[in-house]
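So the structure is just underneath, and the comments pick up after that.
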Amino acid sequence: MNEHTVAVERSRPADEVQTLRWNLESASGAGQTLAAPGDIRDRIRSSEALPPLPEITRRLLELRADPDANALMLAEAVGLDPMLSAQLLRWANSPYYAPRNPVSTVRDAIVRALGFNLSFSLALGLAALSPLKTPNTGPLGRDRIWRHGMQCATLMQALAREQPAEMRPASGLIELAGVTQNIGYLLLGHLLPEHFQLLGRFIQSNPGLALPTLERFAIGVEHTQLGGWLFEAWEMPEALQTVQRQHHNPAYSGEHQSLVLLTCLADQLLEGRGDGLGARPSEPDTRTGLLERLGLGEHACEHALAALADCEEEDNDD
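For the sequence shown, position 311 matches number 311 in the UniProt record's numbering, and the numbering has no gaps at all.
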């Protein structure tokens, strides 16, 4: 096999440009032809290609828009889906959330353990991910994406608690934005599994390169665009569409600024502890700017990371 070396420039200083080694035969597979980046964008943006919004997700979105929605109504909606019910009960009985007595019903999970907003966000996030058929394992597999989303949601909750009240996003959106922010990867795996596998091999072979660089090189589009297209087609709340497109943009300014920047900061904190997906830790000035625009101090990051560590330790002890 002939090995081809391709220089890829990141949006970093020139002396940090790295070399991406790509074995064309092993990446594409013998006799396999991959679509050009332009074809990928056209195919993914096609309304026929995008999976329809799951019925349970539609029900939950309608419930979210109902000002009279309550825990009983949410329990009835979740109860229609056995997988959602089982997952909600598992979370409710985890050491981090569980009350003294075990939770055995979805209603108790919502009322006694998780609360309405968190229960709703977790249920809607899982329902949104459910129609996307992607491998569970691998650097961008479903398990990794879900774990990263839950970690981000935990950090975002902790950070938002320390924000000034007038800057704090709606709590139900905070968890949902964190959980679903990387749905673009799952959409890629669902529609174009061969490109998804190719990107996974690039990640494993080039750990020093930022993930957006690898995405642009391998498939010509970033997961932020993929997620944005899907959420637009699904008519998800505008705030969540914006998070999909902008959650790696620390300079974003707009109506949903606080929610976007919380997601961005949570991502950066995970990268800094070596537990991110590869977006690359932020420069000190970037992090300082994020904190200032969110009305937070450095101590908020320390508290959020400590809360995440406590949560993970309790889960490991279970």
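By construction, the Cβ of each residue, glycine as well, lies at the ideal position given by its N, Cα and C atoms.
Discussion item. Spatial neighbours of Gln87 within its chain, please: C-beta separation below 7 Å, excluding the five flanking residues on both sides.
Written reply: Counting from 1 along the sequence shown, the entry for residue 87 is found at position 87. The residues are Leu126.
Worksheet entry | Between the CA atoms of Arg273 and Ile56 - distance to the nearest angstrom | Locating residue 56 in the sequence shown gives position 56, where the first residue counts as 1. Locating residue 273 in the sequence shown gives position 273, where the first residue counts as 1. If you take the alpha carbons of Ile56 and Arg273, they lie about 35 Å apart.
Discussion item. Rounding to the nearest angstrom, what Cα-Cα distance links Leu296 and Ala177 in this structure?
Written reply: As a working mapping, residue 296 is identified with position 296 in the sequence shown. As a working mapping, residue 177 is identified with position 177 in the sequence shown. Spanning the two alpha carbons is a distance of roughly 19 Å.
Discussion item. What would DSSP say about Pro164, mapped onto helix, strand or coil?
Written reply: Against the sequence shown, residue 164 aligns to sequence position 164. Three-state result, Pro164: coil.
Worksheet item: Would you say Ala158 and Arg107 are within 7 Å of each other, going by their C-beta atoms?
Response: On the sequence shown, position 158 is the one that residue 158 refers to. On the sequence shown, position 107 is the one that residue 107 refers to. No, these two residues do not count as a Cβ contact at 7 Å.
Worksheet item: How do the segment 103-123 and the segment 234-242 stand: do at least 3 beta-carbon pairs fall below 8 Å, yes or no?
Response: no
Discussion item. Please classify Met73 as buried or exposed, where buried requires at least 16 other C-beta atoms within 10 Å of its C-beta.
Written reply: Start at 1 with the first residue of the sequence shown, and residue 73 comes out as number 73. Its Cβ having fewer than 16 others within 10 Å, Met73 is exposed.
Practice prompt. Please work out which residues of its chain come closer than 6 Å, Cβ to Cβ, to Ala304, disregarding the five sequence neighbours upstream and downstream, and give them in chain order.
Written response: Looking up residue 304 in the sequence shown gives position 304. So the list reads Leu155, Ala158, Leu159, once near-sequence residues are dropped.
Worksheet item: Thinking C-beta only, is Leu265 closer than 7 Å to Val243?
Response: Here residue 243 refers to the residue found at position 243 when the sequence shown is read from its first residue. Here residue 265 refers to the residue found at position 265 when the sequence shown is read from its first residue. No, the Cβ-Cβ distance between Val243 and Leu265 is not below 7 Å.
Practice prompt. Go through its chain and collect everything with a Cβ distance to residue 326's Cβ below 8 Å, but skip five positions before and after it.
Written response: Shown here, the chain extends from 1 to 318; a query on residue 326 therefore has no answer.
Worksheet item: Can you tell me where the alpha helix (DSSP H) with His190 in it begins and where it stops?
Response: Locating residue 190 in the sequence shown gives position 190, where the first residue counts as 1. From DSSP, the alpha helix (DSSP H) with His190 extends over 183-191.
Item to complete: Pick helix, strand or coil for Asn117, following the three-state DSSP scheme.
Response: As a first step, residue 117 is located in the sequence shown; it is residue number 117 there, counting from the start. Asn117 falls in the helix class under three-state DSSP.
Worksheet entry | Residue environment, Met150, which counts as buried when at least 16 other CB atoms sit within 10 Å | Numbered from its first residue, the sequence shown carries residue 150 at position 150. By the 10 Å Cβ count, Met150 comes out buried.
Worksheet item: Where Leu308 and Leu198 are concerned, what is the direct C-alpha to C-alpha distance, given to the nearest angstrom?
Response: In the sequence shown, residue 308 corresponds to position 308, counting from 1. In the sequence shown, residue 198 corresponds to position 198, counting from 1. Spanning the two alpha carbons is a distance of roughly 32 Å.
Worksheet item: What is the rounded straight-line gap between the Cα of Pro82 and the Cα of Phe231?
Response: Here residue 82 is taken as the residue at index 82 of the sequence shown, counted from 1. Here residue 231 is taken as the residue at index 231 of the sequence shown, counted from 1. When only Cα atoms are considered, Pro82 and Phe231 end up about 24 Å apart.
Worksheet entry | Minimum C-alpha distance to Leu275 - residue among Asn117, Ala113, Arg147, Ile174 | Counting from one through the sequence shown, the residue named residue 275 turns up at place 275. According to the sequence as given, residue 275 is Asp; it is not Leu. Selected option, being the one with the closest Cα: Arg147.
Practice prompt. Rounded to whole angstroms, what's the CA-CA distance from Asp68 to Leu226? Just pull it up for me.
Written response: Position 68 of the sequence shown, counted from the start, is the residue given in the question as residue 68. Position 226 of the sequence shown, counted from the start, is the residue given in the question as residue 226. Spanning the two alpha carbons is a distance of roughly 34 Å.
Fill in: Length at least 3, wholly inside the segment 199-287: the beta strand (DSSP E) runs in chain order
none
Discussion item. Give me, in chain order, the residues of the same chain whose beta-carbon lies closer than 6 Å to that of Pro135; leave out the 5 immediate sequence neighbours on both sides.
Written reply: Residue 135 sits at position 135 when you count from the first residue of the sequence shown. Same-chain partners within the cutoff: Gly141.
Worksheet item: Where does Thr137 sit, in a helix, a strand or coil, going by DSSP?
Response: Here the question's residue 137 lines up with position 137 in the sequence shown. In this structure, Thr137 counts as coil in the three-state DSSP scheme.
Worksheet entry | Whole-angstrom distance between Arg100 and Ala113, CA atom to CA atom | Against the sequence shown, residue 113 aligns to sequence position 113. Against the sequence shown, residue 100 aligns to sequence position 100. Going by the C-alpha atoms only, they are around 10 Å apart.
Worksheet item: What does a CB cutoff of less than 8 Å around Leu291 pick up in its chain, not counting 5 residues either side in sequence?
Response: Taking the sequence shown and counting its residues from 1, the one referred to as residue 291 is at position 291. Apart from the 5 residues on each side of it in sequence, Leu291 sits with its Cβ closer than 8 Å to the Cβ of Leu265, Gly297, Glu298, Ala300, Cys301 in its chain, given in chain order.
Item to complete: May I ask which residues mark the beginning and end of the alpha helix (DSSP H) holding Thr105?
Response: Within the sequence shown, residue 105 is the residue found at index 105, counting from 1. Counted as a single uninterrupted DSSP element, the stretch harbouring Thr105 is not any alpha helix (DSSP H), since DSSP gives it neither H nor E.
Worksheet item: Would you say the segment 189-207 touches the segment 160-168, given that touching needs at least three Cβ pairs under 8 Å?
Response: no
Worksheet entry | Burial state of Ser104, where buried means 16 or more other Cβ atoms lie within 10 Å | The residue you call residue 104 lines up with position 104 of the sequence shown. That one is exposed.
Item to complete: Go to Arg64, then tell me how far its alpha helix (DSSP H) extends in each direction, as first and last residue.
Response: The residue given as residue 64 occupies position 64 in the sequence shown. Run containing Arg64: 55-64, per the alpha helix (DSSP H) assignment.
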